[in-house]
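Before any comments, here is the structure.
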Amino acid sequence: GLIGLALSIVIGFAVYRSGNRLNLRMFFNVTAVLLLLFAAGLAGKTVHELRELIGWENGWLVSPMWSIESGMWASGTFYDFMRGLFGWHKSPENLRVITYFGYLIPVLYLYLRDSLPRGAATKTTKEPAQVA
Numbered sequence: 220g221l222i223g224l225a226l227s228i229v230i231g232f233a234v235y236r237s238g239n240r241l242n243l244r245m246f247f248n249v250t251a252v253l254l255l256l257f258a259a260g261l262a263g264k265t266v267h268e269l270r271e272l273i274g275w276e277n278g279w280l281v282s283p284m285w286s287i288e289s290g291m292w293a294s295g296t297f298y299d300f301m302r303g304l305f306g307w308h309k310s311p312e313n314l315r316v317i318t319y320f321g322y323l324i325p326v327l328y329l330y331l332r333d334s335l336p337r338g339a340a341t342k343t344t345k346e347p348a349q350v351a
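The sequence shown begins at 220 in my numbering and counts up by one.
Following this line, the structure appears as structure tokens:
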């Protein structure tokens with residue numbers, strides 16, 4: 220409630236004051252990557268819920284890819300944060316992990332490909348069109 224409002228005011232004021240020193244390109248690239256991670260988690264969770272809805276309970280795709288039984292990745296506040304924000308699960312089925320990375324890898328590549336360094340061989344030059 221009020222603590223969140225006060226914290227957002229402080230963060231907004233800090234961004235306003237340091238706006239001329241903040242690299243906005245880097246800021247928006249980082250937030251975009253975080254949004255892509257969030258979207259990949261949402262895609263994985265969607266496939267998981269659809270699988271449960273149709274009652275698909277047998278086969279390799281629905282068996283767990285890994286299982287973490289203890290530690291911060293299996294329970295507690297950090298687990299709840301990662302589960303809520305990025306779709307983390309302590310024992311995800313293969314289908315969920317395949318969906319997560321099947322979405323994340325191509326979309327992340329398409330987003331970041333303009334900022335990747337390019338060699339001289341990949342640069343193309345456009346020749347002017349000849350008018351007859």
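Note that the Cβ used here is the ideal one computed from N, Cα and C, for glycine as well.
Problem set entry | Rounded distance between the beta-carbons of residue 259 and residue 319, thought under 8 Å | Within the sequence shown, residue 319 is the residue found at index 100, counting from 1. Within the sequence shown, residue 259 is the residue found at index 40, counting from 1. Contact holds; Cβ gap of about 5 Å.
For this session: For residue 340, I'd like the list of residues in its chain whose CB is within less than 6 Å of its CB, leaving aside the five on either flank, ordered along the chain.
Result: Within the sequence shown, the letter at position 121 stands for residue 340. Note on residue 340: pLDDT 48, under 50, position unreliable in the model; the coordinate value appears next. Excluding residues within five positions, none has a Cβ falling inside 6 Å.
For this session: Determine whether the Cβ of residue 255 lies closer than 9 Å to any Cβ atom of chain C.
Result: Among the chains of the structure shown, chain C does not appear; only one protein chain is present.
Exercise. For residue 290, which of 272, 224 and 309 has the nearest alpha-carbon?
Worked result: Indexing the sequence shown from 1 puts residue 290 at position 71. Checked all of 272, 224 and 309; the closest Cα to residue 290 is 309.
For this session: Give me the Cα-Cα distance between residue 232 and residue 240, rounded to the nearest whole angstrom.
Result: The residue labelled residue 232 in the question sits at position 13 within the sequence shown. The residue labelled residue 240 in the question sits at position 21 within the sequence shown. Answer to the nearest angstrom: the Cα atoms are 14 Å apart.
Exercise. Taking C-beta to C-beta, are residue 279 and residue 292 nearer than 9 Å?
Worked result: Stepping through the sequence shown from its first residue, residue 279 is reached at position 60. Stepping through the sequence shown from its first residue, residue 292 is reached at position 73. Here residue 279 is not near residue 292, since their CB atoms are 9 Å or more apart.
Problem set entry | Distance between residue 301 and residue 236 (C-alpha atoms, nearest Å) | The count along the sequence shown starts at 1 and reaches residue 236 at position 17. The count along the sequence shown starts at 1 and reaches residue 301 at position 82. Roughly 31 Å separates the two Cα atoms.
Exercise. Are the CB atoms of residue 322 and residue 262 nearer to each other than 9 Å?
Worked result: Mapped onto the sequence shown, residue 322 falls at position 103. Mapped onto the sequence shown, residue 262 falls at position 43. Contact: yes.
Exercise. DSSP three-state call for residue 283: helix, strand or coil?
Worked result: Translated into positions along the sequence shown, residue 283 becomes position 64. Strand at residue 283.
Problem set entry | Assigned exposure category for residue 315 - 16 Cβ within 10 Å defines buried | Position 96 of the sequence shown, counted from the first residue, corresponds to residue 315. It is buried - the Cβ of residue 315 has at least 16 other Cβ atoms within 10 Å.
Problem set entry | The alpha helix (DSSP H) enclosing residue 331, as first and last residue numbers | Here residue 331 is taken as the residue at index 112 of the sequence shown, counted from 1. For residue 331, the enclosing alpha helix (DSSP H) starts and ends at 313-331.
For this session: Alpha carbon to alpha carbon, how far is residue 268 from residue 325? Give it in angstroms, no decimals.
Result: Translated into positions along the sequence shown, residue 325 becomes position 106. Translated into positions along the sequence shown, residue 268 becomes position 49. Residue 325 and residue 268 have their C-alpha atoms spaced approximately 23 Å apart.
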